[in-house]
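S.K.: Here you go, one structure.
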Amino acid sequence: MAVRHWAGAALLGGLLAGVLSAPAAAGVVAQIDQGSQRMRVFVDGYPAYDWPVSTARRGYVTPTGRYRVGLMAPMWRSHKYHGSPMPHAMFFRGGYAIHGTYATGSLGRRASHGCIRLSPGHAAALFSLARSRGGAAVVIRN
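Numbering (mature numbering (1 follows the signal peptide of the UniProt record, and there is no 0)), first residue to last: -26 to -1, 1 to 116.
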């Protein structure tokens, strides 16, 4: 599973922000591309992570659009799907959330009931980042 981290770019961007204009976007933004089944995470407008995800499989929908993370729970159990574990759940629209999954073999392809699934480690990293920065925005496109 390929994980990319652009710490150098973020550091350089942070150093240049005082010299150049500030980045256009602030805070944490999780951008999900359903076509490629990837999530790119931006911090203060700079790319920080690029991870595989699973979005809705055939017959289900992952909503597209722009959202703000609301409820965050270190461990949540699905009320709809038999108490299934949803580690590091970050709800962005009703019952839709970004959360960890133990079905890591499905990452990179459509496999969920609509939520956005990440590996447990990536979900924990995103959760921690969002919590430390006062929340996150979620942008989902096809």
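Note that CB positions come from ideal geometry on N, CA and C, so glycine has one too.
Tell me, which residues are paired with G39 by DSSP?
M.R.: I114
S.K.: Anyone know if the C-beta pair for N105 and M46 falls short of 9 Å?
M.R.: One point to set straight first is that residue 105 is Arg, not Asn, in the sequence displayed. For R105 and M46, yes; Cβs fall inside 9 Å.
S.K.: With which residues is D7 paired in a DSSP beta bridge?
M.R.: R12 and R115
S.K.: From the DSSP output, which residues share a beta bridge with V17?
M.R.: V2 and Y20
S.K.: Out of V17, H96, W25 and V3, which has the shortest C-alpha to C-alpha gap to S10?
M.R.: Taking only the C-alpha atoms, the option nearest S10 is W25.
S.K.: Which stretch, first to last residue, makes up the alpha helix (DSSP H) that contains H96?
M.R.: P94 to S106
S.K.: Using the three-state DSSP reduction, which class does S86 fall into: helix, strand or coil?
M.R.: strand
S.K.: Take G39 and list the residues in its own chain whose beta-carbon comes closer than 7 Å to its own, dropping the five residues that flank it on each side.
M.R.: I114
S.K.: Taking the continuous beta strand (DSSP E) assigned at H53, which residues delimit it?
M.R.: Where H53 is concerned, there is no enclosing beta strand (DSSP E), given that its DSSP letter is neither H nor E.
S.K.: Count the other CB atoms within 10 Å of the CB of F65; is the residue buried (16 or more) or exposed (fewer)?
M.R.: buried
S.K.: Comparing alpha-carbon positions, which option in F101, R83, G109 and Y76 lies nearest Q8?
M.R.: A check of alpha carbon separations from Q8 across F101, R83, G109 and Y76 identifies R83 as the nearest.
S.K.: Could you give the first and the last residue of the continuous beta strand (DSSP E) run that contains G74?
M.R.: Y70 to G74
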